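Just below is one structure, and these are the notes that go with it.
Numbering (our numbering), first residue to last: 49 to 548.
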């Protein structure tokens, strides 16, 4: 159903604008359970396209899919001290197995069904997976073990926002075991590269990559690599992580193997994941004051055809042409929808499909049929040509697939340009950093001495964190010499920002 009420603008209230788009583009809805969301078919269609692309990329790098239990024994979680400390405040527990009615007829947990050991509802699966790996791996010949899981997880969040931070969300988590540290490190960085390729080429996010500071790394990891995108309000969004776990979990779960030398050694592990948070990243990176803007590669509908007619005899003629054009485009693997609803006039249809971010609209009326033409309309103004263009229908069928790919590249280029315009390099003065972060925001590149005290000061005073110590490709040409906080010698360049 069309909603003619204007969206809140990004400038007026970015947070309200985001929430309105998520609901009015029919991506998701609120759940009766606080902090959870219902992903609607259109939003789930975006996630399905993300899944398909990523799953192909994972399998191309040798990984296989599996599934592990939702419930994890509490004792498993507590084996790795840093891991349990990192997730302790977010864990949901199952303590009983059934309900009974009390004297008032109210359902309550049956005391007789209390579990001997509580079960944790999966916040992440390192513990239960590496327990299984310890039974599956005996020799170096069993390695590497490359497993991926598509699943849901529960992390009991206090402040939630649909797609960005919810108590339950969907994701994939890769888990691998290797014979050597070098192989595990190669895996962690390779998967970071897979994520970057996907998020740039499919989502057009224009991410930067790097390693997290020790204070920001995954609990239980030796190192955490991250992908960070900059949203239109100049806040950062962590879009995925890849963790070099070292032998920490292998030691706790007795994940050993017999090496070629005959000696028994602990395996080296990695884990890596991305989630439905990426849907929120697409909304905040590309959306405008008219609604959602979707990159064609993940759009559930890439082209919507709106027939235009006034008389019944025109309706048949126009719909036949719409079906012909749609089928020709589908043969070119374009996802097409014909909006043949008689309950809505063309104008409101235009607004609805713009709000839902469909990359291209085709308008076909009786005159277009007679002239063998179609009117194409891109979702936004772009640098690849006119937004609105009358095209010969035969030419359109040939041109449209390429135009969608050109539009995909345009969105990436625009994202990178926006990111770089809001990236501030060579900042060596704390007051200057404060002015940027408390003003328009963005990425601040500066020196850092490696001290957690300096890191904590920025977090406490400016509500900003080190997003990454950037990969070589994203480092400044002139490396900073002093820490922006204390003025001491710089140990690394850091990218600071406020974040979701």
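Glycine included, every Cβ here is placed at the ideal spot set by N, Cα and C. Predicted model, so just to flag it, every value in this text is computed and none were measured.
(request) Find out if the Cβ-Cβ distance for the pair residue 317, residue 224 is shorter than 9 Å. (result) yes
(request) Note down, one range per segment and in chain order, each alpha helix (DSSP H) of at least 4 residues found wholly within the stretch 346–383. (result) Counting only unbroken stretches of 4 or more residues, the alpha helix (DSSP H) elements lying wholly within the stretch 346–383 are 360–379, in sequence order.
(message) Quick test of the definition: if touching needs 3 or more C-beta pairs under 8 Å, does the stretch 337–357 touch the stretch 67–83?
(response) yes
(request) Please look up how many angstroms separate the CB atoms of residue 545 and residue 504, rounded, as I've assumed it's under 8 Å. (result) Actually they are not in contact, since the Cβ atoms of residue 545 and residue 504 sit about 16 Å apart, beyond 8 Å.
(message) For residue 334 and residue 128, what's the separation of their Cα atoms in angstroms?
(response) As the crow flies, the alpha-carbon of residue 334 is around 40 Å from that of residue 128.
(request) Can you tell me which of the three DSSP states residue 166 falls into? (result) strand
(request) Specify, as a first and last residue, the run of the beta strand (DSSP E) that residue 196 falls within. (result) 193–202
(request) For the stretch 308–322 and the stretch 369–389, state whether three or more C-beta atom pairs, one from each stretch, are separated by less than 8 Å. (result) no
(request) Say whether the stretch 460–476 touches the stretch 437–447, bearing in mind that this needs 3 or more beta-carbon pairs closer than 8 Å, one atom from each stretch. (result) With a cut-off of 8 Å, the stretch 437–447 and the stretch 460–476 do not count as touching, because too few Cβ pairs lie within range.
(request) Please go through the same chain and pick out, in chain order, the residues whose beta-carbon is closer than 6 Å to the beta-carbon of residue 113, but skip the five residues on each side of it. (result) 196
(message) Considering only the alpha carbon of each residue, which of 497, 175, 364 lies closest to residue 268?
(response) Residue nearest to residue 268 within the set 497, 175, 364 is 175 (criterion: CA-CA distance).
(request) Under 7 Å Cβ to Cβ from residue 469, same chain only, skipping five residues before and after it: list those, please. (result) none
(request) Return the chain-ordered list of same chain residues with a C-beta closer than 7 Å to the C-beta of residue 518, the five sequence neighbours on each side being excluded. (result) 256, 258, 541, 543
(message) Buried or exposed, going by whether 16 or more other CB atoms sit within 10 Å of the CB of residue 110?
(response) exposed
(request) Can you tell me which of the three DSSP states residue 275 falls into? (result) strand
(request) Give the range of the beta strand (DSSP E) segment to which residue 130 is assigned. (result) Residue 130 -> not in any beta strand (DSSP E); alpha helix (DSSP H) instead, spanning 129–135.
(request) Identify, in the order they occur along the chain, each residue of the same chain with its Cβ nearer than 7 Å to the Cβ of residue 50, setting aside the five sequence neighbours on each side. (result) Any reading at residue 50 needs caution, since the residue's pLDDT is 49, under 50, leaving its predicted position unreliable; the model's value is listed next. Hits under 7 Å: 392, 396, 399, 400.
(request) Grab me the residues of residue 121's own chain with a C-beta within less than 6 Å of its C-beta, minus the 5 sequence neighbours each way, in chain order. (result) Once the five neighbours on either side are set aside, the close Cβ partners of residue 121 are 165.
(message) Bridge partners for residue 119 per DSSP, in chain order?
(response) Paired residues: 169.
(message) Measuring CB atoms only, is the stretch 280–288 touching the stretch 150–162, in the sense that at least three cross pairs come out at less than 8 Å?
(response) no
(message) So for residue 78, helix, strand or coil by DSSP?
(response) Three-state DSSP puts residue 78 in a strand.
(request) Kindly indicate which three-state DSSP category residue 59 falls into: helix, strand or coil? (result) coil
(request) From the DSSP output, in three-state form, read off residue 148 for me. (result) strand
(request) To the nearest angstrom, report how far apart residue 290 and residue 375 are at their CA atoms. (result) 41 Å
(request) Taking the CB atoms as reference points, tell me whether residue 328 and residue 66 lie closer together than 9 Å. (result) yes
(message) When you compare the CB positions of residue 16 and residue 384, do they come within less than 9 Å of one another, or not?
(response) The question about residue 16 has no answer here: the residues shown for the chain are numbered 49 through 548.
(message) Comparing C-alpha positions only, which one of 169, 531, 412, 455 sits nearest to residue 252?
(response) 455
(request) Report yes if the C-beta distance between residue 232 and residue 292 is below 9 Å; otherwise report no. (result) yes
(request) Could you have a look at residue 543 and say whether DSSP puts it in helix, strand or coil? (result) strand
(message) Using DSSP's beta-bridge definition, name the partner residues of residue 531.
(response) 495
(request) Kindly indicate which residue of 463, 477, 435, 408 has the alpha-carbon position closest to the one of residue 445. (result) 408
(message) Going by DSSP in three states, residue 50 sits in which element: helix, strand or coil?
(response) Only weak support is given to the placement of residue 50: the predicted model assigns it a pLDDT of 49, under 50, and the question is left unresolved by the model.
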